[in-house]
Amino acid sequence: MQTILSPTDVSPVTESSSSAGSSASATTFAISTAAWLVVVQWLSAGVGGYLTGRLLTKWVNVHTDEVYFRDTAHGSSPGP
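Right under this line is the structure:
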C-alpha cells in the first residue's frame, strides 16, 4: 500500500530552508520585532482610548469647558 503523503512531503524543513544562511538575519529580526512592537503599541493605545471614551459617563450640570478638559485629559474626545 502506497501512502499519498510521505514524511518528507509534510516536513517543515525543506532543502532550501535547511541550507546555511537561509534564516532571517539578526538585523531583519530586530527590525521586524521593532515594527511589530510599534504596531501593537498603536493598536493598544487606540483600543484603550476607545474604551475610555465609551466608558465615560455624561456629566450633567457641569460647564462644557470642564467636560472638554476631562475628555482631552483622558486622551479621547467622545463627543456629545
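Throughout the sequence shown, residue numbering follows my numbering, covering 5 to 84 in sequence.
Ideal Cβ placement from N, Cα and C applies to all residues, glycine included.
None of the values given here were measured: they were computed from a predicted structure.
Assigned with DSSP and collapsed to three states, LEU47 falls in helix.
Secondary structure of VAL71 (DSSP, three-state): helix. With contacts defined by Cβ atoms closer than 8 Å, TRP63 and VAL51 do not form a contacting pair.
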